Amino acid sequence: MKIYAIKSLIIGAATCASLAGCGQGTPKPATSMHRDTAIAVIPFDSLQIAGFFKRYPLLAENQTEVAGFYRQRNFTYAWFSNGLLIEQASNLTSRVLNFKSDGLSKSSPYQRVLDSLINEAKPNVAGHPPEIEAELMLTAQYFNFSKSVYQGIDVSASKASGWLLPRKKVAYAQYLDSLLKTPGKQLAAKEPVYRQYELLRTYLRKYSLLAANDKWLPITLSKKPALGDTAAAIQLLRARLYKLEDFSDDTLKNSYDPEIQSGIKVFQERHGLPGNGLLNKETLAELNVPLSARIKQILVNMERSRWLPVSLDADYVAVNIPEFKMHVYHADSLLWSCSVVVGKSEHPTTAFYGEIKYVVFSPYWNVPHGILVNEVIPGMNRNGNYLRNHNMEITGHSDGLPVVRQKPGKDNSLGLVKFLFPNSYNIYLHDTPSKSLFGETSRAFSHGCIRIAQPAKLAAFLLKDNTTWTDAKISRYMHAGKERYVTLNKKVPVFIAYFTAFTDRAGHLNFRKDIYNLDGRLAEILLSETDVTN
């Protein structure tokens, strides 16, 4: 399921105004006809399934699911009613024929066969069953399509891309039952994909149309413009902001005015830059990113969206590493967000799933081996007071090295509280004494753990079910200078994810820098997959 070549994407996606708007023919809409419905419940011979997959071997990996689906319905027809194809058959066919509108480069096998079978399907003659070839082709195509679109690349490939969160499981047959009961366009809202997927898919169409119709020339300015300045490049700037929906004025003026500054501010905020409205070097560089690169970003993040749970009914915490943000949710409703500091490129924060089990007030910091060897021991060798100056102590020895920890206090590297979700990566959330780093635009400064800007607020959220934990009590324990573990009554999920393209709660498309080059790694994996012949 590789990312298709940008040229193909532009041509294919840009000419599709809707799912059914292009492809190898549009299926004829089903017409209504009153017929004896008894034939619909007459089962077909189960041996026909094996014969079908011998004729269409490129779909054979779906044979087990197809056979299981029909076994559950006693081998009765699913896609015919009153002798005619139901509306959902046309809907699925349109989606399969436009496979690439879902950001996939490979086509579904036997698209032309499917198109022909659906367009040529005739009402069954009284006493004769519907066309089994069309019936089985639709079901096999459904399973093939849903595995690619709703599940994505296999688990080993997603792990190789740096994604260590558990993958969602899709109940394909259950969703097919839902599809068959849901006519019209009601189905889109029920697709088993994380909400970001469809939002990114919408922007994929928009950016593909832009790429097909705009040369996207670089904006070049000899100096930073001031209010009242005029230049041909400013006209290009205004047009670009308008096309990107950051600016509502489509008049092609060449003057730099307060209105265009407002558009620049919106653009900056969507790209994780300080929203000051100034056309500085960083902003201009983002404005000049080629559309092909943005489309690629959308595609790889659509793939990541396939891997996440569709929704959660409970409280949970999510950290988006490239965004440098933590978001706190209740049942998919965003409660609040705050800035975070994540790992440097040489000490990247791992993308994985955990469950917060402990809140630790006034924590000790057990110095990790790497920091001990590279920083603490050299410091001890240079200065005999190094440990005292850093409020540290030796608690023992292991493998010929001292075991060092930092005592609780305001200068402790973990701050005044930490939040533990046991994992093999030794990563957790914690406070920090280095508050100034939260004011930086790019906040990759840690050794892998995640420093949060509002630790007391997170503690209150996690302990809210226990009314004895007031804000005053939380503050008192944070400043007590004595370590205290508090076990949560119920563990809280935490998702540490990696999205460089996403839509915010206002529906605006956001981009962030690929700080660990994981987009590139995932793109290579997607590109390594080959297409099939039809």
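Reading the sequence shown from the start, the letters are residues -20 to -1, 1 to 514 in mature numbering (1 follows the signal peptide of the UniProt record, and there is no 0). Cβ coordinates follow ideal geometry from the N, Cα and C atoms, glycine included. Keep in mind the model is a prediction, meaning the values are calculated, not measured.
Measure the C-alpha to C-alpha separation of P328 and Q277 and round it to an integer number of angstroms. C-alpha separation (whole angstroms): 20 Å.
If you follow the beta strand (DSSP E) that residue 595 is part of, which residue opens it and which one closes it? The chain is shown only over -20 to 514; residue 595 falls outside these bounds and no answer can be derived.
Whose C-beta lies closer than 7 Å to the C-beta of V76 among residues of the same chain, with five residues either side of it excluded? So the list reads S88, Q91, L94, Q121 and F125, once near-sequence residues are dropped.
Just mark Q68 as buried or exposed, buried being the case when its beta carbon has 16 or more other beta carbons within 10 Å. Flag for Q68 reads buried.
Where DSSP assigns a beta bridge to S426, which residues make up the other side? As a beta-bridge residue in DSSP terms, S426 pairs with G323.
Quick check on this structure: which residue in A436, Y152 and K390 has the alpha carbon closest to the alpha carbon of I454? If we check each option's Cα against that of I454, A436 comes out closest.
Of the residues F123, D82, K80 and V129, which one's Cα is nearest the Cα of Y50? Nearest of F123, D82, K80 and V129 to Y50, Cα basis: F123.
Could you tell me which uninterrupted alpha helix (DSSP H) segments, each at least 4 residues in length, are contained entirely in the segment 241 to 273, listed from first to last along the chain? Qualifying alpha helix (DSSP H) stretches, in chain order: 261 to 267.
Could you tell me whether the segment 36 to 46 touches the segment 237 to 244, using the rule of 3 or more Cβ pairs below 8 Å? At 8 Å Cβ cutoff, the stretches do not touch.
If you run the structure through DSSP and keep just helix, strand and coil, what is R501? Per DSSP, reduced to three states, the secondary structure at R501 is helical.
Kindly indicate which three-state DSSP category K8 falls into: helix, strand or coil? Low local confidence applies: a pLDDT of 44 at K8 is under 50, so the model's placement there is unreliable, with the coordinate-based value given in what follows. Under the three-state reduction of DSSP, K8 is assigned to coil, being neither helix nor strand.
So G142 and R501 are in contact, right, with Cβ under 8 Å, and what is the actual spacing, rounded? Rounded, the Cβ-Cβ distance is 6 Å, consistent with contact.
To the nearest angstrom, report how far apart G389 and K415 are at their CA atoms. Spanning the two alpha carbons is a distance of roughly 15 Å.
Could you name the residues of the same chain whose beta carbon sits closer than 6 Å to that of K233, not counting the 5 residues immediately before and after it, in chain order? Nothing listed; no residue qualifies.
Where does the unbroken beta strand (DSSP E) through P473 begin, and where does it stop? Element bounds for P473: R464 to A477.
Inter-residue Cα distance where the pair is S319 and E100: Roughly 58 Å separates the two Cα atoms.
Please name the residue, chosen from V397, I98 and V246, that lies closest to Q434 on a Cα-to-Cα basis. In terms of CA proximity to Q434, V397 leads the group V397, I98 and V246.
Strictly by DSSP, which residues pair up with E335? Per DSSP, P473.
On the DSSP bridge assignment, give the partners of Y296 in chain order. DSSP lists Y309 as partners of Y296.
In the structure shown, what three-state DSSP assignment does F482 receive? DSSP places F482 in strand when its eight states are reduced to three.
Inspect the beta-carbon positions of Q176 and S285 and report whether they are closer than 8 Å. Contact: yes.
Local conformation of Y496 per DSSP, three classes: Correct three-state label for Y496: coil.
Is it buried or exposed for A298, if we count other Cβ within 10 angstroms and need 16 for buried? Buried is the call here.
Taking buried to mean at least 16 other C-beta atoms within 10 Å of its own C-beta, is L409 buried or exposed? Burial call: buried.
Do N490 and F482 have their C-beta atoms within less than 8 Å of each other? Cβ distance < 8 Å, so N490 and F482 count as in contact.
Enumerate in chain order the residues of its own chain whose CB-to-CB distance from R274 is below 6 Å, with the five nearest sequence positions on each side excluded. Y187, listed in sequence order.
Would DSSP call R75 helix, strand or coil? Looking at R75 - three-state DSSP - the assignment turns out to be helix.
Please classify A212: is it buried, with 16 or more other beta-carbons within 10 angstroms of its beta-carbon, or exposed? Burial is judged here by how many other beta carbons sit within 10 angstroms of a residue's own beta carbon; A212 has fewer than 16 and is exposed.
Which residues does DSSP list as the beta-bridge partners of R431? R431 is bridged to V321 and H410.
C-alpha distance - P382 paired with T375, whole-angstrom precision: P382 and T375 have their alpha carbons spaced roughly 8 Å apart.
Could you tell me the alpha carbon to alpha carbon distance between L72 and K223, rounded to whole angstroms? Using only the alpha carbons, I get a separation of about 32 Å.
By the three-class DSSP mapping on this structure, what secondary structure does K444 have? Here K444 sits in coil by DSSP.
Can V474 and Y296 be called in contact, C-beta distance under 8 Å? In contact: V474 and Y296 (Cβ atoms closer than 8 Å).
Please go through the segment 120 to 202 and give each complete alpha helix (DSSP H) segment of 4 or more residues, from N-terminal end onward. Complete alpha helix (DSSP H) runs here, min 4: 135 to 140, 152 to 160 and 175 to 193.
Hey, A192 and S342: beta-carbon distance below 8 Å or not? A192 places its beta carbon 8 Å or farther from that of S342.
Cβ-Cβ distance between D230 and V246 below 8 Å: Not closer than 8 Å, so no.
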